[in-house]
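Remarks on the structure that follows.
Number of protein chains: 2
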Amino acid sequence: MRYELYYWPTIQGRGEFIRLALEEAGADYIDVARRPGNRGVPAMMKLMNDRRLAHPPYAPPFLRAGKFIVAQTANILFFLGPRLGLAPRDEAGRSWAHQLQLTISDLIVEIHDTHHPVSGWLYFEEQRPAARRRTQDFWRYRVPKYLGYFERVLQNNGGKFCVGRRLSYVDLSLFQIVEGLRYAFPQRMKRFERKIPELVALHDRVAKRPRIKSYLASPRRIPFSQWGIYRYFKELDA
Amino acid sequence: MRYELYYWPTIQGRGEFIRLALEEAGADYIDVARRPGNRGVPAMMKLMNDRRLAHPPYAPPFLRAGKFIVAQTANILFFLGPRLGLAPRDEAGRSWAHQLQLTISDLIVEIHDTHHPVSGWLYFEEQRPAARRRTQDFWRYRVPKYLGYFERVLQNNGGKFCVGRRLSYVDLSLFQIVEGLRYAFPQRMKRFERKIPELVALHDRVAKRPRIKSYLASPRRIPFSQWGIYRYFKELDA
Chain A
1 MRYELYYWPT IQGRGEFIRL ALEEAGADYI DVARRPGNRG VPAMMKLMND RRLAHPPYAP
61 PFLRAGKFIV AQTANILFFL GPRLGLAPRD EAGRSWAHQL QLTISDLIVE IHDTHHPVSG
121 WLYFEEQRPA ARRRTQDFWR YRVPKYLGYF ERVLQNNGGK FCVGRRLSYV DLSLFQIVEG
181 LRYAFPQRMK RFERKIPELV ALHDRVAKRP RIKSYLASPR RIPFSQWGIY RYFKELDA
Chain B
1001 MRYELYYWPT IQGRGEFIRL ALEEAGADYI DVARRPGNRG VPAMMKLMND RRLAHPPYAP
1061 PFLRAGKFIV AQTANILFFL GPRLGLAPRD EAGRSWAHQL QLTISDLIVE IHDTHHPVSG
1121 WLYFEEQRPA ARRRTQDFWR YRVPKYLGYF ERVLQNNGGK FCVGRRLSYV DLSLFQIVEG
1181 LRYAFPQRMK RFERKIPELV ALHDRVAKRP RIKSYLASPR RIPFSQWGIY RYFKELDA
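Protein chains in written order, with our numbering: chain A, 1 to 238; chain B, 1001 to 1238.
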């Protein structure tokens, strides 16, 4: 099965959680909007807005697998998980992995909102005091609660993987969370990491997996930038 | 099967999307934290923080079905859907209903953030200018995009239901979205509704379903208030 991933070609964003799963599995996939020739984004928009589509996606990322089009990051991973060997196959295990992924989705919104709390239609510079306050509460209350939760989940499960006895897309996504927080908040994250030793160790193990390591070193991995979920502003990293 | 729903006892919040599904199906369920005697919330917190729990929920709502504990609103509905006859049973249909529900989840966050954009740890009065700006963009860009999308989904599917040929939890959730936006933004919503005739008609049909009608008139339906997702502030409804 050749998968077609549709996502913005210049950012990691939400698409990255899918890319990591496809890469780790060595799946046959095309990152449609990143094909040469700049025709990828128009193709993506055309498909998304196709009035004949019975099940139109609300927004990227979405995935085409044969005739099937599936959207919403966590839902795509739910679909791919058992197919790529990155999630349990039984209902309880699949549901548990998905539940964790949905909690990661919630965290992602909160990470994004640290730099754009008031509006996505304003520049950061136009919402600076709000961003400072949001970031302060994010690090005081939200990061400890979210990452503390995942630390506990890892500990409960023996420390090696979040779900069951094999690597899952949840582990890959947590790698990306740690990686992104290090990019956006290097100082804060440095101080915080001593509280989440299991998560940091998981991050390091994922980074060393042969396919992930090779992906991260390849041009397929889009660098972090000031346009994605994670953005670095010195004043938010105080 | 007797279901146990765990959610905050004084607000509709995210739990309401589950309550509506259980009520429409006439399911046997206990709203644990609402049992008399004020022991419900401690029981909920105790269960959630139980260190022996293999699959602890991150936050309410969560549902117990026998030994199985499932959390995250959309994931609970995914679990309940086929069991309550409120979602298709085949993979494609189930995934499509879930995808729509996840888009509703995203909308819910944005609705909440209109009155609390900067921080949940500040009063509304402490973030008034940010709330005004956020609300302005919410109604200018986000509501038309989200509700326009669901209007299109309904039209595509013949107008009666969002998914397949039967009522699903997605229809019930969209009822709750319309109901809540009417509570929080009566003036704005009144003006906007002419753009979403199918959604309004769906809302009205859901409201008239015998079990939903009887639920809404019962003390089990917690009234809207200034503590939930939807809050009314006159200045945001200009």
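Glycine included, every Cβ here is placed at the ideal spot set by N, Cα and C. Since the model is a prediction, treat every value here as computed from it, not as a measurement.
Nearest to Pro1061/B by C-alpha distance, out of Arg1052/B, Ala1201/B, Ala1054/B, Leu1047/B, is Leu1047/B. Distance between Arg1166/B and Gly93/A, taken at the CA atoms: about 29 Å.
Listed along chain A, no residue sits closer than 9 Å to Thr1114/B by beta-carbon distance, the nearest being about 11 Å off. The residue among Leu154/A, Gly15/A, Glu110/A with its C-alpha nearest the C-alpha of Thr73/A is Gly15/A. Comparing C-alpha distances from Glu1023/B to each of Lys1213/B, Gln1127/B, Val1153/B, Asn1157/B shows the shortest one belongs to Lys1213/B. Among the residues of chain A, those whose CB is under 7 Å from the CB of Arg1134/B are Val118, Ser119, following chain order. Beta-carbon to beta-carbon, Leu84/A and Ala25/A are separated by about 4 Å, close enough to satisfy the 8 Å threshold. In the three-state reduction of the DSSP assignment, Ile1076/B falls in the helix class. Scanning the segment 1087 to 1169 of chain B for uninterrupted alpha helix (DSSP H) segments of 4 residues or longer gives 1091 to 1115, 1128 to 1137, 1143 to 1156, listed from N- to C-terminal end. The beta-carbon distance between Ala21/A and Leu102/A, rounded to whole angstroms, is 15 Å. This is too long to meet the 8 Å contact definition.
Going by DSSP, Glu1004/B is part of the beta strand (DSSP E) stretching over 1003 to 1006.
Bridge pairing for Tyr1232/B: absent [DSSP]. Here Pro1042/B is exposed, its C-beta having fewer than 16 other C-beta atoms within 10 Å.
Taking a cut-off of 8 Å on C-beta distances, the segment 1005 to 1015 of chain B touches the segment 1213 to 1229 of chain B, as three or more cross pairs fall below it. Cβ contact annotation for Gly164/A (same chain, cutoff 7 Å, sequence separation greater than five): Pro88, Gly93, in chain order. Cβ proximity to chain B below 7 Å picks out Phe68, Val70, Ala71, Gln72, Ala74, Asn75, Phe79, Ala92, Ser95, Trp96, His98 from the segment 65 to 98 of chain A.
For the beta strand (DSSP E) assignment, the uninterrupted runs of no fewer than 3 residues enclosed by the segment 10 to 79 of chain A are, from N- to C-terminal side, 29 to 31, 62 to 65, 68 to 71.
Put simply, of Arg1128/B, Glu1125/B, Pro1036/B, Leu1172/B the residue whose alpha carbon is nearest the alpha carbon of Ala1201/B is Leu1172/B. Cβ contact annotation for Gln187/A (same chain, cutoff 6 Å, sequence separation greater than five): Asp237, in chain order. Residues of chain B whose Cβ lies closer than 7 Å to the Cβ of Val109/A are, in chain order, Val1109.
Proximity of the segment 104 to 111 of chain A to the segment 151 to 161 of chain A falls short of the contact definition, fewer than three beta-carbon pairs being nearer than 8 Å. The residue from Asp106/A, Asp137/A, Ala33/A with its alpha-carbon nearest to that of Tyr7/A is Ala33/A. Taking the Cα of Arg1019/B as reference, the smallest distance to any Cα among Ile1076/B, Trp1139/B, Val1143/B is reached at Ile1076/B.
Leaving aside the five residues that flank Leu63/A on each side, the residues in its chain whose CB is nearer than 8 Å to its CB run, in chain order, Tyr3, Glu4, Leu5, Tyr6, Ile18, Ile69, Val70, Ala71, Ile76, Phe79, Leu80.
Classified as buried, Tyr169/A has 16 or more neighbouring CB atoms from the shown chains inside 10 Å of its CB. Looking at Met1/A, Asp31/A, Ala27/A, the one whose alpha-carbon comes closest to that of Thr10/A is Asp31/A. For His1055/B, the closest alpha carbon among the candidates Thr135/A, Asn49/A, Gln99/A is that of Gln99/A. When the Cα atoms are used, Phe1185/B and Leu107/A turn out to be separated by approximately 27 Å. Sequence-distant partners of Phe138/A (beyond 5 residues in either direction) whose C-beta falls short of 7 Å from its own C-beta, in its chain, are Glu110, Thr114. None of the residues of the segment 190 to 206 of chain A has a beta carbon lying less than 9 Å from any beta carbon of chain B. Straight-line spacing of the CA atoms in Glu1198/B and Glu1126/B works out to 38 Å.
Arg1134/B places its beta carbon less than 7 Å from that of Ser119/A.
With fewer than 16 other Cβ atoms inside 10 Å of its own Cβ, Arg194/A counts as exposed. The beta carbon of Pro223/A is closer than 6 Å to none in its chain, skipping five residues each way along the sequence. Across the set Leu1154/B, Ala1065/B, Lys1208/B, the C-alpha of Ala1065/B shows the shortest separation from the C-alpha of Asp1028/B.
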